[in-house]
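What follows is a set of notes on a single structure, which appears directly below.
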Amino acid sequence: MQPIMRYYLLAIAVFALVHTSGAQFVTTWKTNNPGISKHNQITIPAQGSYTIFWQEVGNSHNHGKAKGRNFTTLTFPKAGLYKISITGRLRQILFSNQGDKEKLMTIEQWGNIAWVSMAGAFWGCKNLTCNAIDAPDLSQVKSLELMFAKCIRFNGIIGHWNTSKVVDMSWMFHDAQLFNRPIGHWNTSQVTNMSYMFYGATSFNQPIGNWNTAKVTNMRWMFFLAKSFSYAISHWNMTKVNDVSNMFKGAARFKSQTGYWKQLKK
Numbered sequence: 043m044q045p046i047m048r049y050y051l052l053a054i055a056v057f058a059l060v061h062t063s064g065a066q067f068v069t070t071w072k073t074n075n076p077g078i079s080k081h082n083q084i085t086i087p088a089q090g091s092y093t094i095f096w097q098e099v100g101n102s103h104n105h106g107k108a109k110g111r112n113f114t115t116l117t118f119p120k121a122g123l124y125k126i127s128i129t130g131r132l133r134q135i136l137f138s139n140q141g142d143k144e145k146l147m148t149i150e151q152w153g154n155i156a157w158v159s160m161a162g163a164f165w166g167c168k169n170l171t172c173n174a175i176d177a178p179d180l181s182q183v184k185s186l187e188l189m190f191a192k193c194i195r196f197n198g199i200i201g202h203w204n205t206s207k208v209v210d211m212s213w214m215f216h217d218a219q220l221f222n223r224p225i226g227h228w229n230t231s232q233v234t235n236m237s238y239m240f241y242g243a244t245s246f247n248q249p250i251g252n253w254n255t256a257k258v259t260n261m262r263w264m265f266f267l268a269k270s271f272s273y274a275i276s277h278w279n280m281t282k283v284n285d286v287s288n289m290f291k292g293a294a295r296f297k298s299q300t301g302y303w304k305q306l307k308k
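If you're matching positions, the sequence shown starts at 43 in my numbering and goes up one per residue.
Following this line, the structure appears as structure tokens:
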């Protein structure tokens, strides 16, 4: 084979590898944490058909490949920390405060998975942290309800997400006690439900006063026990909001600005 041909083949292989790795949804799991599967297993609570590449962290010789369809259980040669990379037609992750929620440790990369919903996605994953710097494809996603609820260690960089299609953000950061990242540039123009969104998000204190709230109807308990939050939101459009019950209850640092909202319904 001519040297130039070898060069081109190598370049194509490297390009394909980089392209594929960038497309993967990458997470890490600790198999012997509490869960419904065995100490050397994980159950991925997913919807869709997808390909799984797995590798033990720190041991490149322990690796494999599997096919996944909807909820899929993987069995590894031994217990440990494993990197899980997924490609294909994965559509939804749905822990919903159940299953192997304590085995999921990190999100390393979102990849190019075309998600259809994030409702309940990582709810209850109390060990979850996020190292990903890319953004998930939310172009088909209408609900972020409960996405990071009870993710007590989560503090991922998510301010660059495209949320222009999202309608429901209720309960999104419920009891996400460490979360305190800028999300003030999110597109909230389609959102109708922000109820309980920061309920128990005790560290959150970021400027969100420029959010478009023109379509929001429900803000009940939105900042309940969000004891750090103190930024002004007096310019929010509240014309369609019909429920603000206990919106700031327990938000100790927040100074009432409801005087600006003469259109509020009691």
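We put the CB at the ideal spot given by N, CA and C, even for glycine. The model shown is predicted, which means the values in this text are computed figures rather than measured ones.
Three-state secondary structure (DSSP) of residue 307: The pLDDT assigned to residue 307 is 47, lower than 50, so where the model puts this residue is not dependable; a value taken from the coordinates is nonetheless given after this. Of the three classes helix, strand and coil, the one that applies to residue 307 here is coil, per DSSP.
Rounded to a whole number of angstroms, what is the C-alpha to C-alpha distance between residue 147 and residue 199? Going from the Cα of residue 147 to the Cα of residue 199 covers about 16 Å.
Return the bridge partner residues of residue 172 from the DSSP annotation. Paired residue(s): 149.
For residue 293, which three-state DSSP category applies? The answer is coil: DSSP assigns residue 293 none of H, G, I, E or B.
Going by C-alpha to C-alpha distance, which of 82, 124, 72 and 80 sits closest to residue 94? Out of 82, 124, 72 and 80, 124 has the C-alpha closest to the C-alpha of residue 94.
Put residue 108 into one of helix, strand or coil per three-state DSSP. In this structure, residue 108 counts as strand in the three-state DSSP scheme.
Is the beta carbon of residue 283 less than 8 Å from the beta carbon of residue 244? No. Outside cutoff.
Contact between the stretch 106-124 and the stretch 167-175: three or more CB pairs below 8 Å? These segments do not touch.
Cutoff 7 Å; reference residue 288; Cβ partners in own chain excluding five residues on either side: These residues qualify, in order along the chain: 262, 263 and 266.
Three-pair Cβ contact test at 8 Å for the stretch 94-105 versus the stretch 183-203: They do not touch, by the three-pair rule.
May I ask which residues mark the beginning and end of the beta strand (DSSP E) holding residue 130? Residues 123-135.
Within 10 Å of its beta-carbon, does residue 76 have 16 or more other beta-carbons around it, so buried, or fewer, so exposed? Classification of residue 76: exposed, given that the 10 Å Cβ count is below 16.
List, from N- to C-terminal side, the beta strand (DSSP E) runs of 3 residues or more that fit wholly inside the stretch 57-99. Taking only runs of at least 3 residues, the beta strand (DSSP E) segments lying wholly in the stretch 57-99 are 67-72, 83-86 and 88-98.
Between the alpha carbons of residue 109 and residue 203, how many angstroms are there, rounded? Rounded to the nearest whole angstrom, the C-alpha separation of residue 109 and residue 203 is 29 Å.
Beta-bridge partners of residue 117, as assigned by DSSP: In the DSSP output, where bridge partners are listed per residue, residue 117 has 83.
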